[in-house]
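Only one structure is covered here, and it is reproduced in the block below.
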Amino acid sequence: MLKIYILIWIAFMDLFIQLPIITPFSLQLGASHEFAAFIVSIYSLTNLIGNVIGGILSDRYGRKRIVLMTLLILLPSMCLYLLINSAEQLLLLRGLHGLFAGVLTPVLFAWLGDLEHIKELKHKASGSGIAIGVAAITGPMIGGIVSSNESYHSVYYIQLALFIIMAIIVMTEAKQNISNRSIDQKKSDQVISIHFKHILKPPLVLAYIVAFSLMLANGALTYHLPITVENMNLSSKFTGILLTIYGLIAIMLFIKGIHKPSFKVLSRNMLFGQTVLIVCMIALQFTSTLIIAVFTMTIYGVGFAMIFMSMNKMISLYTSHHNRGLANGILYAAFSIGSIVGALVSGVFTKFNLGFISIGCIIVLCLTILTLIIMKEGQRYET
């Protein structure tokens, strides 16, 4: 299990280590502010395509094989970052990078789900959440320090090294669990087809909805939190401090994990997490002091952790080996879409001073849909 967690950490380091450098790197190459914003967003746009493709391919051809094939593209891509000398080249390369990095995420989470089913883990600290939380904290810090002391290109040397480590782990250590199928799984895979009724059943739809709303809130934070900090007459470093606070709180809850996960427990956690997001969006809209902002981000970390752990566990519990990859692909595509929509909606409504409130309203809508699904289908999935 530890090896899979390391792979997940590396995959998310690829995202977070670039956060502090991609905008200034784009501007240094001569991009306008508008074009730099497009360069930043192209990664998420192509990432969501990669999420779905990766899920489908991993169900069909196996987790390990798809990870290795993806790394064959990503490794030379990291080298190409060292050669680009124009903003247009950076746009194309970042789009390609986002596409194949998007393939990795659902494959690794499907692989983790396979392992959990084989070992019949009923209570386990969210190692994947810890891995992502650590990446979210250390990635921007490393990227910022390295780029300021060396160069933007040096950051890609680090990610190249991490991808090489990933390839070594996958080739020499990680076991290929796709071959460990039960007889009934083999029969279900004799004819390869996608049954959407299996990946759109209520527990999975709940997971997709909360993934979307979670990243709506995170997208709003990415865009609007620096503005809120500036309005409080604080330096930009406090944006990083506030984001670190919620990350640390989330990690502490990831360590605790979820005891005896079931549909009732997981759906209850999702409802609680959604409610917390709404309260935090409203609080951040009207906060005017650092103390309130710190308290709000602490509570936000609780909501984030409850949702993240529950949605991933829901996918693991209510999928089988032959459709877990696709379900994870849809889940993380919803992640990417939520992040994009969150930043865009928050940006549009900022001119009316309603950046966070607008996201809160959308989350209320998602929460309403979530509640209706749970009320209708809850008894059927009780265990």
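The working numbering puts the first residue of the sequence shown at 323, with every later residue one more than the last. Positions of the beta carbon are idealized from the N, C-alpha and C atoms, including for glycine.
Test item: CB-CB of residue i and residue j under 7 Å
{"i": "Gly466", "j": "Pro342", "result": "yes"}
{"i": "Ser535", "j": "Ile685", "result": "yes"}
{"i": "Tyr327", "j": "Gly461", "result": "no"}
{"i": "Phe485", "j": "Leu570", "result": "no"}
{"i": "Met603", "j": "Gly541", "result": "no"}
{"i": "Ala572", "j": "Gly623", "result": "yes"}
{"i": "Ala627", "j": "Leu575", "result": "yes"}
{"i": "Val425", "j": "Gly376", "result": "yes"}
{"i": "Thr561", "j": "Leu547", "result": "yes"}
{"i": "Met631", "j": "Gly451", "result": "yes"}
{"i": "Leu397", "j": "Ile388", "result": "no"}
{"i": "Leu415", "j": "Leu402", "result": "yes"}
{"i": "Phe671", "j": "Ser680", "result": "yes"}
{"i": "Leu648", "j": "Ile521", "result": "yes"}
Reference residue i, options the options, closest by Cα
{"i": "Ile652", "options": "Ala333, Val667, Met323, Val374", "result": "Val374"}
{"i": "Gly742", "options": "Ile487, Asn591, Ala423, Tyr327", "result": "The chain is shown from 323 up to 705; residue 742 falls before or after that span and cannot be answered."}
{"i": "Ile621", "options": "Tyr403, Leu426, Tyr568", "result": "Tyr568"}
{"i": "Asn553", "options": "Ile454, Gly625, Phe608", "result": "Phe608"}
{"i": "Tyr530", "options": "Trp433, Met463, Ser658, Ile490", "result": "Ser658"}
{"i": "Arg382", "options": "Gly420, Leu415, Val429, Leu405", "result": "Val429"}
{"i": "Phe585", "options": "Ile695, Leu412, Trp433", "result": "Ile695"}
{"i": "Met493", "options": "Leu390, Met463, Leu648, Ala655", "result": "Leu390"}
{"i": "Leu543", "options": "Thr611, Gly595, Leu564", "result": "Leu564"}
{"i": "Leu687", "options": "Gln596, Ile629, Ala655", "result": "Gln596"}
{"i": "Ala453", "options": "Leu412, Tyr479, Ile364, Leu329", "result": "Leu329"}
{"i": "Leu689", "options": "Val527, Lys559, Leu412, Phe334", "result": "Val527"}
{"i": "Gly455", "options": "Phe674, Ala333, Arg590, Ile637", "result": "Ala333"}
{"i": "Phe347", "options": "Leu421, Ala457, Ser476, Met335", "result": "Ser476"}
{"i": "Tyr479", "options": "Met335, Ser661, Leu666", "result": "Met335"}
{"i": "Val598", "options": "Leu404, Ser610, Ile629, Lys578", "result": "Ile629"}
{"i": "Asn650", "options": "Ala457, Ser661, Ile637", "result": "Ile637"}
{"i": "Ala655", "options": "Leu666, Ile577, Met537, Asn407", "result": "Met537"}
{"i": "Thr427", "options": "Ile459, Leu337, Met463", "result": "Leu337"}
{"i": "Ile691", "options": "Ser610, Met592, Ala432", "result": "Met592"}
Own chain partners of residue i with C-beta closer than 7 Å, once the 5 adjacent residues on each side are dropped
{"i": "Asp511", "result": "Bear in mind that the predicted position of Asp511 carries a pLDDT of just 46, short of 50, making it unreliable; the figure below should be weighed with that in mind. These residues qualify, in order along the chain: His644."}
{"i": "Lys635", "result": "Ile580, Pro583, Leu588"}
{"i": "Lys523", "result": "Tyr640"}
{"i": "Gln507", "result": "Low confidence applies to Gln507: its pLDDT is 46, below 50, so where it sits in the model is not reliable, and the reading given next is rough at best. Excluding residues within five positions, the ones whose Cβ falls inside 7 Å are Ser642, His643, His644."}
{"i": "Ser504", "result": "With a pLDDT of 40 at Ser504, under the threshold of 50, the modelled position of this residue cannot be trusted; read the value that follows with caution. Excluding sequence neighbours, Ser504 sits near nothing in its chain."}
{"i": "Thr345", "result": "Ala358, Val362"}
{"i": "Met556", "result": "A small correction: the amino acid at residue 556 is Leu; Met does not occupy that position in the sequence shown. The residues are Leu612."}
{"i": "Met488", "result": "Leu329, Ile332, Leu393"}
8 Å CB neighbourhood of residue i in its chain, flanking five on each side removed
{"i": "Leu418", "result": "Thr368, Ile395, Ser399"}
{"i": "Ile614", "result": "Ala605"}
{"i": "Leu349", "result": "His355, Ala358"}
{"i": "Lys698", "result": "Pro524"}
{"i": "Gly714", "result": "Outside the displayed range of the chain (323 to 705) lies residue 714, so it cannot be described from this structure."}
{"i": "Leu404", "result": "His475, Tyr478, Tyr479"}
Delimiting residues of the alpha helix (DSSP H) encompassing residue i
{"i": "Glu356", "result": "355-383"}
{"i": "Asn634", "result": "612-639"}
{"i": "Leu341", "result": "Looking at the DSSP string, Leu341 is not in any alpha helix (DSSP H), and its letter there is neither H nor E."}
{"i": "His475", "result": "474-494"}
{"i": "Met592", "result": "585-608"}
Chain B within 7 Å of residue i, Cβ atoms only
{"i": "Arg416", "result": "Of the protein chains in the structure, only one exists, and it is not chain B."}
Residues near residue i by beta carbon distance below 6 Å, same chain, minus five either side
{"i": "Val513", "result": "Bear in mind that a pLDDT of 39 at Val513, under 50, signals an unreliable position, so the number given afterwards is only what the model happens to contain. Closer than 6 Å at the Cβ level, and outside the excluded window around Val513, lies no residue."}
{"i": "Arg646", "result": "Ala432, Gly435"}
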